[in-house]
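K.L.:
Per this note's numbering: the sequence shown = residues 1 to 268.
Would you mind keeping the following structure in view while I ask a few things?
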Amino acid sequence: MLLYLFVFLLGIVFGSFLNVVILRLPEGQSIVYPGSHCPKCGQKLRWWHNIPLLSWLLLKGKCAYCQESISVQYPLVELGTGALFVGIFSFEPNIYGIVSAVVFALLLALALIDLRYKAVPDSLNLTAALLALLSSPNIINNLKNALLVAGALAMLRFLVSYYVSKKEQLRLQKRIQKAPWLIHFYPRFIMIEAMGEGDVIVGFALGAMLGIQKTILAIFLAALLALPASLYFRMRRGEAELPFIPFLVLGALVAYISGDRIWEIAGV
Ligand SMILES: [Zn+2]
Numbered sequence: 001m002l003l004y005l006f007v008f009l010l011g012i013v014f015g016s017f018l019n020v021v022i023l024r025l026p027e028g029q030s031i032v033y034p035g036s037h038c039p040k041c042g043q044k045l046r047w048w049h050n051i052p053l054l055s056w057l058l059l060k061g062k063c064a065y066c067q068e069s070i071s072v073q074y075p076l077v078e079l080g081t082g083a084l085f086v087g088i089f090s091f092e093p094n095i096y097g098i099v100s101a102v103v104f105a106l107l108l109a110l111a112l113i114d115l116r117y118k119a120v121p122d123s124l125n126l127t128a129a130l131l132a133l134l135s136s137p138n139i140i141n142n143l144k145n146a147l148l149v150a151g152a153l154a155m156l157r158f159l160v161s162y163y164v165s166k167k168e169q170l171r172l173q174k175r176i177q178k179a180p181w182l183i184h185f186y187p188r189f190i191m192i193e194a195m196g197e198g199d200v201i202v203g204f205a206l207g208a209m210l211g212i213q214k215t216i217l218a219i220f221l222a223a224l225l226a227l228p229a230s231l232y233f234r235m236r237r238g239e240a241e242l243p244f245i246p247f248l249v250l251g252a253l254v255a256y257i258s259g260d261r262i263w264e265i266a267g268v
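Here it is, written out as structure tokens:
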């Protein structure tokens, strides 16, 4: 019991670090300097303003200096990371469970950044990918699985990009045949990139941590979740591009927690 409390606290502290990462990394700011400060009034925070979860509750969600409200995202990310740590650790109550929890927490931070910015910082993504290699004792096997998934995704990305680009090129050629002067306005080569590069790196992490079978399940679940969301976004908001990493991470969580059972039910 005490061990689980320790793991929970560890998760909360890590979540507090992730808050800084989520806020600063996409803006290209350092995550160590300057120290924590109120984003509204810029006042430097004292250590007792900065205790994960507790300070937000004691300050009732307001800055101690300017009384501006502090986003509920901070305690939520901290609490969520704490719960995530306990959840993953209960499946794997050893050091590898802690490593997996850290990888999942980094991936969730990545998902939040992807939702907001539609792009993810490579530094965070690569950190998760390399750590994932240490998520179980057989590192060589983890690396093998990681390379297989990353390679397959990279190949898929090339294929889809090639197809989409060729289609666009044919469309433009037809236009140019009708109106030859348009040739000056169109690019000579068309390269449309389907899928983000970030997805390939996330695939590497998932392959290393989940193994091939569960990663396939994770990708399948992600596609299943992304499809209705993509239709919704296209119709309601007119946005064509939907970040995929959040779905991938959700699918991975489900595959990690209940992958074995799902395969059993499927009879594979
Ligand atoms: Zn303030």
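Every residue, glycine too, gets a C-beta built ideally from N, C-alpha and C.
All values reported here derive from a predicted model rather than from experimental measurement.
Please report how far the alpha carbon of Trp181 lies from the alpha carbon of Val164, in whole angstroms.
P.N.:
Numbered from 1 along the sequence shown, position 181 holds the residue referred to as residue 181. Numbered from 1 along the sequence shown, position 164 holds the residue referred to as residue 164. One C-alpha to the other measures close to 24 Å.
K.L.:
Among Pro26, Gly82, Ala105, whose alpha-carbon lies nearest the alpha-carbon of Gly11?
P.N.:
Residue mapping note: residue 11 aligns to position 11 of the sequence shown, counting from 1. Closest by alpha carbon: Gly82.
K.L.:
Should Gln213 be counted as a contact of ligand 1 given a C-beta to heavy atom distance under 7 Å?
P.N.:
Translated into positions along the sequence shown, residue 213 becomes position 213. Outside the cutoff, so no.
K.L.:
Should Tyr65 be listed as close to ligand 1, given that the test is whether its C-beta is under 7 Å from any heavy atom?
P.N.:
Translated into the one-based positions of the sequence shown, residue 65 becomes position 65. True, at least one ligand heavy atom lies under 7 Å from that Cβ.
K.L.:
Bridge partners for His184 per DSSP, in chain order?
P.N.:
Along the sequence shown, one-based indexing puts residue 184 at 184. DSSP, once it has assigned bridges, lists no residue as partnering His184.
K.L.:
I want to check one thing, is the minimum distance from the CB of Glu68 to the heavy atoms of ligand 1 below 7 Å?
P.N.:
Along the sequence shown, read from residue 1 onward, the residue named residue 68 stands at position 68. Yes, the Cβ of Glu68 comes within 7 Å of a heavy atom of ligand 1.
K.L.:
Looking only at its own chain, which residues have a Cβ that is under 7 Å from the Cβ of Val103, when we skip the five neighbours before and after it?
P.N.:
Here residue 103 is taken as the residue at index 103 of the sequence shown, counted from 1. Ala128, Leu131, Ala132, Ser135, Ala205, Met209.
K.L.:
For Ala218 and Ala152, I'd like the C-alpha separation in whole angstroms.
P.N.:
Within the sequence shown, numbered from 1, the residue matching residue 218 stands at position 218. Within the sequence shown, numbered from 1, the residue matching residue 152 stands at position 152. The alpha-carbon atoms of Ala218 and Ala152 are separated by roughly 14 Å.
K.L.:
One question on the structure: do Pro121 and Pro246 come within less than 8 Å of each other, judged by their Cβ atoms?
P.N.:
As a first step, residue 121 is located in the sequence shown; it is residue number 121 there, counting from the start. As a first step, residue 246 is located in the sequence shown; it is residue number 246 there, counting from the start. Cβ distance not < 8 Å, so Pro121 and Pro246 don't count as in contact.
K.L.:
If Ser16 sits next to Glu78, beta carbons under 8 Å apart, how far is it from one beta carbon to the other, in whole angstroms?
P.N.:
Indexing the sequence shown from 1 puts residue 16 at position 16. Indexing the sequence shown from 1 puts residue 78 at position 78. Between Glu78 and Ser16 the Cβ distance is about 5 Å, and since that is below 8 Å, they are a contact.
K.L.:
Please name the residue or residues paired with Ser69 in a DSSP beta bridge.
P.N.:
Here residue 69 refers to the residue found at position 69 of the sequence shown. Its beta-bridge partners are Lys62.
K.L.:
Could you check what DSSP says for Lys44 in three-state terms: helix, strand or coil?
P.N.:
The sequence position of residue 44 within the sequence shown is 44, counting from 1. Collapsing the DSSP output to three states places Lys44 in a strand.
K.L.:
Using 10 angstroms around the beta-carbon of Ala266, count the other beta-carbons present and answer buried if the total reaches 16, otherwise exposed.
P.N.:
Taking the first residue of the sequence shown as position 1, residue 266 is located at position 266. Flag for Ala266 reads exposed.
K.L.:
Relative to ligand 1, is the shortest distance from any of its heavy atoms to the C-beta of Ala60 smaller than 7 Å?
P.N.:
Taking the first residue of the sequence shown as position 1, residue 60 is located at position 60. According to the sequence provided, residue 60 is Lys. The question's Ala does not apply to it. The closest heavy atom of ligand 1 lies 7 Å or more from the beta carbon of Lys60.
K.L.:
Please say whether Ala111 and Val249 have beta carbons closer to each other than 8 Å?
P.N.:
As a working mapping, residue 249 is identified with position 249 in the sequence shown. As a working mapping, residue 111 is identified with position 111 in the sequence shown. In this structure, Ala111 lies closer than 8 Å to Val249 by Cβ.
K.L.:
Measuring alpha carbon to alpha carbon, tell me which residue in Gly198, Glu197, Glu168, Tyr65 is nearest Arg188.
P.N.:
Translated into the one-based positions of the sequence shown, residue 188 becomes position 188. Of the candidates Gly198, Glu197, Glu168, Tyr65, the one whose C-alpha sits nearest the C-alpha of Arg188 is Glu168.
K.L.:
When you compare each of Val7, Gln73, Arg157 to Ser90 by their alpha carbons, which one comes out closest?
P.N.:
Counting from one through the sequence shown, the residue named residue 90 turns up at place 90. When each option's Cα is compared against that of Ser90, the closest is Val7.
K.L.:
Can the beta-carbon of Leu107 be found less than 8 Å from the beta-carbon of Val20?
P.N.:
Along the sequence shown, one-based indexing puts residue 107 at 107. Along the sequence shown, one-based indexing puts residue 20 at 20. Contact flag unset, no.
K.L.:
Taking the DSSP output, what are the residues bridged to His37?
P.N.:
Mapped onto the sequence shown, residue 37 falls at position 37. DSSP links His37 through a beta bridge to Lys44.
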